[in-house]
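Report on one structure; see the data block that follows.
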Amino acid sequence: MSESESHPETAAVGQSIPYERFLDCVHCGLCTSACPTYVETGDENDSPRGRIYLMRSVVDGRLDLTDKVQGHLDLCLDCRSCETACPSGVQYGRLIEPFRVDMHQQSAADSTAAGTPPPKPDWFHRWIMYGLFPYRRRMAWALAPARWMQRLKLDRFAQAIGLSRLLPERLRRMQEQLPSLGKSLPPLPDFLPAKGKRRARVGLFIGCVADAMFRRVHWATARVLQENGCDVVIPRAQACCGAIHYHSGASEPAIELIKQNSSAFNDDSLDAIIVNVAGCGAMLKDYSHIAEEIAADSDLDPAKFVSRVKDVSEFLAELEPREPTGPIDAVVAYQDACHLQHAQRIREQPRQLLSMIPGITLQPVAEAELCCGAAGSYNLTQPDMADRLGQRKVAELIKVQPDIIVTGNAGCSLQLQAQLKKAGHTVPVLHPMELLDLSYRNAPLTELV
Amino acid sequence: MPGGASGALAGFSDLTANTESPLFRLAESHMSSAETVTTNCVITAEFLKELAAVVGPARLLSSKDELLVYECDGYVVEKSVPDVVVFPENAAEVVAIVTACGKHRIPFVPRGAGTSLAGGCLPVGGGVMIAMTKMRQIVDINLRDRYAVVEPGVVNVNLTRALAGTGFHYAPDPSSQGACTLGGNVATNSGGPHTLKYGVTVNHVLGVEFVSPQGELIQIGGPCGRGNGFDLPGLFVGSEGTFGVVTKIWVRITRNPAAYRTMLAIFDSVDDTTQAISNIIGAGIVPAALEMMDKGIVAALEQAFHFGFPLDAEAVLLIEVDGLEVAVDAEAETITRLCKDSGAREVRLSQTEKERALLWKCRKQAFGAIGRLSPSYCTQDGVVPRTKVPEILRFIAEVSKRHDIRIVNVFHAGDGNLHPILLFDERNAEQVKRVMLASDEILGKCIDLGGSVTGEHGIGVEKISFMNRLFTDEDLTVMEDVRKAFNPDGRCSPGKLLPTAGACGMEHIEKQHPGRKAAM
Amino acid sequence: MTNSSANDSGQQLLMPASTAEVVELLRAAVGSGSRLSTNRVTAAGTNSAPDSVRRVDLQKMNEVVDYPARDMTVTVQAGMAVSELTKILAEENQQLPIDEFDPLLSVGALVAGDIAGPRQYGYGTLRDYVIGIEAVDGQGRIFHAGGRVVKNVAGYDLCRLMVGSRGSLGILTQLTFKLKPLPEQTTLRSFRFDDAADFESALTKLNVSAANPVLLDFNFASSPPAQQPTDDSDCVQKDIPYALHIGVEGAPEACSWQIEQLRNDCAGGEEVTSDGSLDLSVDHHCRNAGYGWQDNEVRIRTFPSKLVAVATELGARGYSTQGHAGNGILFVQDRTGDTDVRTVCRDIVSRHGGTVSEWTVDHPAKNPDPLSAKLRSTFDPRSIFTA
Ligand SMILES: Cc1cc2nc3c(=O)[nH]c(=O)nc-3n(C[C@H](O)[C@H](O)[C@H](O)COP(=O)(O)OP(=O)(O)OC[C@H]3O[C@@H](n4cnc5c(N)ncnc54)[C@H](O)[C@@H]3O)c2cc1C
Ligand SMILES: Cc1cc2nc3c(=O)[nH]c(=O)nc-3n(C[C@H](O)[C@H](O)[C@H](O)COP(=O)(O)OP(=O)(O)OC[C@H]3O[C@@H](n4cnc5c(N)ncnc54)[C@H](O)[C@@H]3O)c2cc1C
Ligand code: SF4
Ligand code: SF4
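Chains as they are written, first to last, in this note's numbering: chain Y, 32 to 480; chain G, 305 to 824; chain W, -11 to 375.
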């Protein structure tokens, strides 16, 4: 797609979306009750059916892309719960995502046309979202002071004397979202060998935000894989999955990251590329669609890469994992990450793995299909709704009186920890691999909590 | 004009193009009216201020860009944009809203989840839409006395979910139960696959609290049912929003069956299948559910869910018996025998809970899977006496051939409640016209066979023109009088259910809808 | 022309033979300002209407209009006797599972009276069975609602409105019912409880019983404290404080299995076996137990969980009760001759929840609520139908 086509003066937002995708929606409304924002507001404009209607009406020229319309579309978490609920197979993600890309380009174009400098990306996106998040090292640096503050308990001091209120709203939320960082673990090496008989050779994707904040989970994942006879390769050249860029409409950097990752893992000896963060996994698995959408004319073809991407629970369940034997006596509430249950349709596998651990009682939780409000950067861009959904989720989780809450996504984990803290609960939030690793090592739970 | 046999037309692109059908002109007029709201009811700033004083600005929509999504529900052929949407949170707010509407003589219409397939939520002539989606508390569950008290915005399945593990459930299970509200169910008297044995919504409603069109809060019936008066809750259920706004419902909850057996009977001919249906019912067995799916739908379901349906079978029956553990096997055996005697190739008993769940998921999502067969579809809701099922299916096949429209069937066979699904491409206007004619003939035949044009979806605006084929003028006059007893000036849900249900200030509808008796 | 004759009480009896004749009667009544009643003058002579009222009897409209047995629906004229209908249906192994107490009762009266007996616990009431009606209102208008198919939501559900309307909205001329198969076998068992707590606990267990009872009736005999029987003439009162009658049905093995369950549920009581002189069958119980409205009886509808409390409190004041325990329905016998029975019931019910009514007093047409009054004036603006 040439530059002038993608940014026309009178860019008709959503025109690039194949119209059949809108026609797939038969307006039955069966998706509405699965949508977290609709469940909260009760407003059809905040429902999947309503959003499709809004987008289509804009495309049809029946509606202008007003602030209100954009507001309802921005409120969407892109959790794709609606896709799971829709019997007609509507690909909601493939409507809202390109539409949002257009929406952002449109507002940029508008301001250019008006002679004002493009306000976008704003400072927050420029410095924090694009500048910091995608880069493991920068992130680690940025977190260092926070880590020290936490160690010295200065964070609580700052919060107590209201110092943190002086931070800009979004940064303050980021600070609130930070998990307890503990001491910094060493980065993973390039290679970790299989234990016992070798059953597979896998690449491990460690992402950006996640690596800095969740190195512990990466180590646990690698150990579980080793334990199950996997050689684990961790290519240095890998980069951020690009989800943050793509979802906020920054296509070019997204394309760059797709290229970088495809080549980093371009190793025929790998049986699978393992992801332990649901959000990254969903993005990696969607590379082909995205390439088609934003780089149709280029020779970018991530199909081979995509075909090997597996969530760690999906991979292990297929591999038939070695029996974990170390007991963990705990009631566990498993919270499905949207990017696992909806985007990747992975629901049973993590539960299956957790129930293998002796001593664990897995309690079913109501409203399991609803998003916790994390949804990537949503938490930072739509704080109000993120809090409402977070508190709603916490209330349901707490009802089953769990000793541990388990979830397979970095963002969800951050959100849940922050929301639990806000509601005055102290239940730890862990990744399934952490528990599995613990059980394989026959280590006590106190090591983690 | 051949009645409003439009069904729930899937997709919502401009259906009006190049068609002579009066229905299409009618739809077109609605669509154009969607662009410029042309009510005679005047929404003044003062009125808006009064509404805002009740619900606050955050729970009120009045700008066009936010109203558009409310122009239709699950039925997309006719459209009309409301002037205001309000989201009350309690009965007192509903009273205040309805009272304000009364003072300013503004029509209003309640709306639940908007899954109506008959245009029940269409704000004919604009006015206020009262969205009940924020009143969704389950107020009380009483297992010992077997009732629950709910607000109208509670989603049907959420009540049954709240009852999980108690040994009880809420019996009416429309296929849309994951989304539709209990208020909407009460208004349309919803049914579902299990209503064959357990009855429809009215059989499970003990009482209703509603705000009358005059703004009074009225309770009829209650947890102990009614006393010695008229069965007002019975009359209220199915009134399609024309009697007032439901604010609270007392429903009966039902014991879960101790055991069930779910079977899939496979047939090589449609006639054999319908014979089996008739033999089962005739043998005095009331299964919990008896659903038929023909070859076309089975193909789509197989594609969607990979259940392992035989693709060469002409039709399958999904049969469930429930009750005592000691009794279900014998019933299942009898049914198996009856099916085989009628020519079934095979009767499979589902072996696991997982298999049963998948089978039901296939059935309940059947409409949706149609998207895989054709870009658009239209589903009808006719009913015939159960012994007339073979005849109507033969007729449908004949209509399908004559109009060259592919029709697949998935329906509540045990009740004789058909859902023929007509497949087409909405971009082909000529084909759409044939779909209309075919639908119309099918529903006409249902009436001729002693049946009805709607078993569960309601009349709404969609089937209003069939009313005088089903009822005499005198019947309709009496029904209109009953409506007036509740809703004297017709401002509550105007243009619904009865061909003469208008409201003051609705004269434009007559102008826009020549040939339609709707509205005054 | 409509047949008419004078009945025993000298009242004029109108016997239309068709819906058209019913319309004629009504037009004539509208013209002459006279009043009509569908209330039968019972043998006991109750319900006698004032002389100015002409009684309409539909006994000539007693035909089956349509009985497609394999559809399991039947359409009959409203004057047919319920016992006759029962016979016709039984030939096809089918039933309208509504207990009637009077073989002469017409199906019109059955529906208009919303008659319901013991089996309402398992089968529900007439509102669950009437799927179509034809009737003539007080202005002589013939109206229909519903149809002949078991599932139908076209138009307002006037069927429901007519059920229990007691002749105050119109004369029913034709009815269509949804039917049920006759069960293979039915079995009745009775248990006695000496202690209210045991009785209560049995009822609580039965609410979630593994069995599937179709009836759950009780009686509680009490004698006024002041008049405790001095001799043994009234052994029932003395011997059976609480009696519970439970009916189950199905295949023979299903019945015997269920009875085992019932015995578990009723472990706190003692099974009462037939001494041979009693017919302990569901059928006999439903027809002859006499559970229901009788002259001067007060009906209480309360919560099933409050039944024992209500019965016990009434017992302490000397009132015997019986009724449908599973539905929370009690009939209070006024054996004290105390005219205050209603007040006592009201008082007790106000504390436990529910309604109090009497057949003759609480006619729906006398309901004071404005909505009922509006409906009544819609159907019968000239008050042709006596209440
Ligand atoms: C895929 C699909 C499958 C379906 N399957 C079935 C089925 O199996 N059986 C069946 O019966 N129906 C079925 N339906 C139709 C529909 O779901 C039902 O009619 C349902 O009861 C509507 O509920 P709702 O909350 O969506 O109501 P809405 O569509 O919002 O409203 C329906 C009507 O109810 C009125 N109403 C809503 N709330 C109130 C209130 N609080 N007070 C007064 N009036 C109110 C509205 O004015 C309108 O007239 C299906 C629909 C779809 C799309
Ligand atoms: C021993 C005994 C036990 C009983 N148990 C019960 C019980 O458990 N439950 C219960 O509900 N009742 C019970 N009954 C009540 C009994 O069935 C009623 O009292 C009886 O039906 C009323 O008869 P009726 O002579 O007053 O009027 P009926 O002529 O029988 O009519 C009853 C009502 O229907 C109306 N009506 C009749 N025909 C028509 C028509 N065609 N169209 C419109 N309206 C019509 C009449 O106006 C009247 O209001 C019992 C009675 C007895 C004697
Ligand atoms: S997205 Fe799917 S479920 Fe939602 S309204 Fe459209 S077709 Fe129905
Ligand atoms: S993606 Fe999630 S938030 Fe967005 S419309 Fe779908 S269900 Fe709602």
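All C-beta atoms, glycine included, are put in the ideal place defined by N, C-alpha and C.
Asked, Found
"Rank Y/403, Y/436, Y/332 and Y/410 by C-alpha distance to the C-alpha of residue 423 of chain Y and give the top, closest one.", "Y/403"
"Per DSSP, which residues does residue 783 of chain G bridge with? Please list them.", "Its beta-bridge partners do not exist; DSSP assigns none."
"Go ahead and pull the three-state DSSP assignment for residue 681 of chain G.", "strand"
"From this set, G/416, G/594, G/399 and G/468, which residue's C-alpha is nearest residue 717 of chain G's C-alpha?", "G/594"
"Verify the CB distance criterion: does residue 377 of chain G have a CB-CB separation below 9 Å to chain Y?", "yes"
"Pull up the CB-CB distance for residue 410 of chain G and residue 434 of chain G, whole angstroms please, since I reckon it's below 8 Å.", "Not really, about 11 Å apart at Cβ, beyond 8 Å."
"Of all Cβ atoms in chain Y, is any one closer than 9 Å to the Cβ of residue 372 of chain G?", "yes"
"Hey, is residue 716 of chain G's beta-carbon within less than 9 Å of any beta-carbon in chain W?", "yes"
"With a threshold of 7 Å on Cβ separation, who are the neighbours of residue 215 of chain W within its own chain once the five nearest residues in sequence on each side are excluded?", "Confidence in residue 215 of chain W is poor, its pLDDT being 46 and thus under 50, which makes the residue's placement unreliable; the coordinate value appears in the next sentence. Counting only Cβ-Cβ distances below 7 Å, and skipping sequence neighbours, we find nothing."
"Quick check: residue 755 of chain G and residue 686 of chain G, are their CB atoms within less than 9 Å of each other?", "yes"
"Mind listing which residues of the segment 566 to 586 of chain G have their C-beta closer than 9 Å to chain W's C-betas, in chain order?", "582, 583, 585 and 586"
"Is there a Cβ from chain G that is less than 9 Å from the Cβ of residue 130 of chain W?", "yes"
"Following the continuous alpha helix (DSSP H) through residue 258 of chain W, name the residue where it begins and the one where it ends.", "Note, residue 258 of chain W: premise wrong, no alpha helix (DSSP H); beta strand (DSSP E) at 258 to 260."
"According to DSSP, what are the bridge partners of residue 341 of chain Y?", "Y/305"
"Quick check: the Cα distance between residue 370 of chain W and residue 14 of chain W, rounded to an integer number of angstroms?", "11 Å"
"Residues in the same chain with beta-carbon distance under 7 Å from residue 646 of chain G, minus the five sequence neighbours each way, listed in chain order, please.", "576, 579, 580 and 583"
"What are the partner residues of residue 597 of chain G, as DSSP defines its beta bridges?", "G/620 and G/714"
"For residue 229 of chain Y, is the classification buried or exposed, using 16 other Cβ atoms within 10 angstroms of its Cβ as the cut-off for buried?", "exposed"
"Sorted by chain position, which residues of the same chain lie with C-beta nearer than 7 Å to residue 290 of chain Y's C-beta, five sequence neighbours on each side aside?", "331"
"Tell me whether residue 178 of chain Y sits in a helix, a strand or coil according to DSSP, three-state version.", "For residue 178 of chain Y, the predicted structure reports a pLDDT of 49, less than 50, and the residue's modelled location is therefore unreliable. The matter cannot be settled from this model."
"Could you pull the start and end residues of the beta strand (DSSP E) that residue 454 of chain G belongs to?", "451 to 454"
"Which same chain residues end up closer than 8 Å to residue 319 of chain Y when comparing Cβ atoms and leaving out the 5 residues on each side of it in sequence?", "332, 333, 334 and 337"
"Any heavy atom of ligand 5 closer than 8 Å to the Cβ of residue 58 of chain Y?", "The model on display carries ligand 1, ligand 2, ligand 3 and ligand 4 but not ligand 5."
"From which residue to which residue does the alpha helix (DSSP H) around residue 735 of chain G run?", "733 to 752"
"Please say whether residue 108 of chain Y and residue 482 of chain Y have beta carbons closer to each other than 9 Å?", "No answer is possible for residue 482 of chain Y: it lies beyond the span of chain Y, which begins at 32 and ends at 480."
"Using only the alpha-carbon positions, how far apart do residue 62 of chain Y and residue 117 of chain Y sit?", "5 Å"
"Assuming residue 377 of chain W is part of the beta strand (DSSP E), what are its boundary residues?", "No answer is possible for residue 377 of chain W: the residues shown for chain W start at -11 and end at 375."
"From the DSSP output, which residues share a beta bridge with residue 179 of chain W?", "W/232 and W/259"
"When you compare the CB of residue 802 of chain G with every CB in chain W, is at least one pair closer than 9 Å?", "yes"
"Against chain G, does residue 302 of chain Y count as a neighbour if the rule is that its beta carbon must be under 9 Å from one of theirs?", "no"
"May I have the straight-line CA-CA distance separating residue 158 of chain Y from residue 306 of chain Y, to the nearest angstrom?", "Its pLDDT being 49, under 50, residue 158 of chain Y is placed unreliably in this model, and the coordinates cannot settle the point."
"I'd like to know whether the C-beta of residue 35 of chain W is nearer than 9 Å to at least one C-beta of chain G.", "With a pLDDT of 48 at residue 35 of chain W, under the threshold of 50, the predicted position of this residue should be treated as unreliable, though the coordinate-derived value follows. Answer no: the Cβ-Cβ gap between residue 35 of chain W and chain G never drops below 9 Å."
"Whose C-beta lies closer than 7 Å to the C-beta of residue 477 of chain G among residues of the same chain, with five residues either side of it excluded?", "496, 497 and 498"
"CB-CB under 6 Å to residue 481 of chain G, same chain, minus the five flanking residues each way: which ones, in chain order?", "460 and 461"
"By Cβ distance, which residues of its chain are closer than 7 Å to residue 219 of chain W, with the 5 residues on each side in sequence left out?", "Because residue 219 of chain W sits at a pLDDT of 45, beneath the cut-off of 50, its placement in the model cannot be relied upon, and the following sentence gives the value as read from the coordinates. Excluding residues within five positions, none has a Cβ falling inside 7 Å."
"Which residues in the same chain as residue 438 of chain Y place their Cβ atom closer than 6 Å to its Cβ, once the five residues preceding and following it in sequence are excluded?", "366, 368 and 444"
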